[in-house]
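Report on the structure given below.
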Amino acid sequence: MPGYQNTTLKEEPLGLSKFFWLTNQAPSSNPTFFPQYPAYEPGWLDLAFVAGWTLIFALLREFMMRGVFAPFMRYWIRREHRASQARKASRTRGKKQEASPLTNGHSTTVSVANGHGVNGVGQELRARKGVIEHASGHELQSKSKGPTKRQRLEEKKVTRFAEQGWSFLYYIVYWSFGMWIHVNSPWYPFNLKHLWIGFPHSPIPGPVKFYYLSQLAFWFHQIMVLNLEERRKDHYQMMAHHIITTTLMVMSYANGFHRVGCLVLVLFDLCDILLPLAKMFKYMSLEPLPDITFGLFLFSWIVTRQGLYPFVVRSVIFDTLRYLTLKDYGAPEPGITRGGWATYSILLTGLAILSLIWLLEIVRIAKGAFMGKPVEDTRSDEEE
Numbered sequence: 000m001p002g003y004q005n006t007t008l009k010e011e012p013l014g015l016s017k018f019f020w021l022t023n024q025a026p027s028s029n030p031t032f033f034p035q036y037p038a039y040e041p042g043w044l045d046l047a048f049v050a051g052w053t054l055i056f057a058l059l060r061e062f063m064m065r066g067v068f069a070p071f072m073r074y075w076i077r078r079e080h081r082a083s084q085a086r087k088a089s090r091t092r093g094k095k096q097e098a099s100p101l102t103n104g105h106s107t108t109v110s111v112a113n114g115h116g117v118n119g120v121g122q123e124l125r126a127r128k129g130v131i132e133h134a135s136g137h138e139l140q141s142k143s144k145g146p147t148k149r150q151r152l153e154e155k156k157v158t159r160f161a162e163q164g165w166s167f168l169y170y171i172v173y174w175s176f177g178m179w180i181h182v183n184s185p186w187y188p189f190n191l192k193h194l195w196i197g198f199p200h201s202p203i204p205g206p207v208k209f210y211y212l213s214q215l216a217f218w219f220h221q222i223m224v225l226n227l228e229e230r231r232k233d234h235y236q237m238m239a240h241h242i243i244t245t246t247l248m249v250m251s252y253a254n255g256f257h258r259v260g261c262l263v264l265v266l267f268d269l270c271d272i273l274l275p276l277a278k279m280f281k282y283m284s285l286e287p288l289p290d291i292t293f294g295l296f297l298f299s300w301i302v303t304r305q306g307l308y309p310f311v312v313r314s315v316i317f318d319t320l321r322y323l324t325l326k327d328y329g330a331p332e333p334g335i336t337r338g339g340w341a342t343y344s345i346l347l348t349g350l351a352i353l354s355l356i357w358l359l360e361i362v363r364i365a366k367g368a369f370m371g372k373p374v375e376d377t378r379s380d381e382e383e
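Take 0 as the starting number for the sequence shown in numbering that gives the first Met the number 0 and just add one per residue.
This is the structure:
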């Protein structure tokens, strides 16, 4: 592969470690940023690292969903049931007290004509409690076979909450990681010419290589998840987005464009923190937090994906022609092939178009929320 350097076998880690640790450390380097960390060249063993971290993310997702977020949501649902039952019981007692005759204006004893008032009231309360407990699905098991419709809906809500919880956790960690890299980069805050000045940017600082390859592993993991979980209404749009993203990341890494890749990732990941958080608030019925968070999500989308990202696309299309050399495939001089430049530009533009399509859907939802409609999850299952 062009731009990849070979190393001797003993320079590489043995066994399974190459699936989890960076390889191909540069013997001597002077990176333009993060000089305090080891620097690395790209290498074929990076494929093993991506495969290993794809597995790690799959295991982490299962652990966090099943072990943390799903149990929390089940607890939250039970808590809401108990609170709802308490409110209903309180309203029932209030109505009975208002309707009951009082002997002297202070007595709380209910008089019943047949002399069996205490037993009658007790039986009625026990009957009401039995109905409530049976309806809750938690105190008494349903006599029918299998879960009730409400239990199925509740379990689906648990699954959705756990999925969004995992997404929120991942993106808040990796956006913070990406922002740390961005703040310490030569192109901070938005000096796009430094994405290209000094090209090729090799060796790669260790934090940058780890961030980029682990993000690539996450997106391969996302493609797997998208095809394993229940199909949603926007399945094909999401699949197109994931394929474009992984293709862009592979191409940018292979051609030494990891700087622009890091910038695009940190721009896009901010929105992906707020949207799962809004959905989590929605599943927990914490009004008006879903609408507020969705408004912040819309604002961040407009600023990052519709405001700043097009400038990055423009830089890729035009600034590369100023600072880099377009070359034929296999030519030894540094630069990017004409075909690679065209493909990269087209895919980045396609991602911008897809973001615009999604923005129109987001604006439609925001308009409904402004008119008083609750924010809904448009990624519902087909049967819903």
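Every residue gets a Cβ at the ideal spot worked out from N, C-alpha and C, and that includes glycine.
Chain-order list of residues whose beta-carbon lies under 8 angstroms from that of residue i (same chain, five-residue window excluded)
i: F198; result: G255, Y322, L323, P333 and G334
i: S344; result: V312, V315 and I316
i: H137; result: Because the pLDDT at H137 is just 48, under 50, the model does not fix this residue reliably, and the value given afterwards should be weighed accordingly. Answer for H137: R77 and H80, listed in chain order.
i: K326; result: E332, G334, I335, T336 and R337
i: D318; result: L191, K192, L194 and W195
Cβ-Cβ distance between residue i and residue j below 8 angstroms
i: I203; j: H240; result: no
i: R288; j: F280; result: Checking the displayed sequence, the identity of residue 288 turns out to be Leu instead of Arg. A contact, by the Cβ cut-off of 8 angstroms.
i: M72; j: V157; result: yes
i: L269; j: T245; result: no
i: T292; j: L266; result: no
i: Q24; j: Y36; result: no
i: I243; j: L346; result: yes
Pick from the options that is closest to residue i, judged by C-alpha positions
i: S299; options: L358, V315, T245 and Y328; result: L358
i: L227; options: L168, A57, T348 and R77; result: A57
i: K192; options: E61, L215, L320 and M238; result: L320
i: L46; options: D290, F219 and R363; result: F219
i: Q163; options: R65, M248 and L215; result: R65
i: A351; options: I301, P331, S213 and L59; result: I301
i: V362; options: G294, P185 and T91; result: G294
i: S16; options: F32, G51, P34 and S251; result: G51
i: G339; options: G306, A330 and M250; result: M250
i: F189; options: P146, R230 and G306; result: G306
i: G42; options: T31, F18 and P30; result: F18
i: F229; options: K155, M248, P185 and L285; result: Sequence inspection shows Glu at residue 229; the Phe mentioned does not correspond to that position. Measuring from the Cα of E229, the nearest candidate turns out to be K155.
i: A400; options: E97, L212, A88 and G145; result: What the structure shows of the chain is the stretch from 0 to 383, and residue 400 is not part of that stretch, so it cannot be assessed.
i: I55; options: F217, G205 and R86; result: F217
i: Y170; options: H234, Y235, R60 and P34; result: R60
i: L353; options: L247, M237 and K232; result: M237
i: F20; options: G205, V182, M248 and M63; result: It is worth fixing the name first, because residue 20 is Trp in this sequence and not Phe. When only C-alpha atoms are compared, the closest one is G205.
Own chain residues within Cβ distance below 7 angstroms of residue i, not counting five before or after
i: I196; result: Y322
i: G177; result: Y210, C261, L264, V265 and D268
i: F160; result: F68, M72, M279 and Y282
Contacting residues, own chain, Cβ-Cβ under 6 angstroms from residue i (five flanking each side not counted)
i: Q221; result: H241
i: P275; result: Q163, S166 and F167
i: G14; result: none
i: S184; result: F32
Where the alpha helix (DSSP H) containing residue i begins and where it ends
i: H200; result: Run containing H200: none; DSSP gives neither H nor E here.
i: L15; result: Here L15 belongs to no alpha helix (DSSP H), and DSSP marks it neither H nor E.
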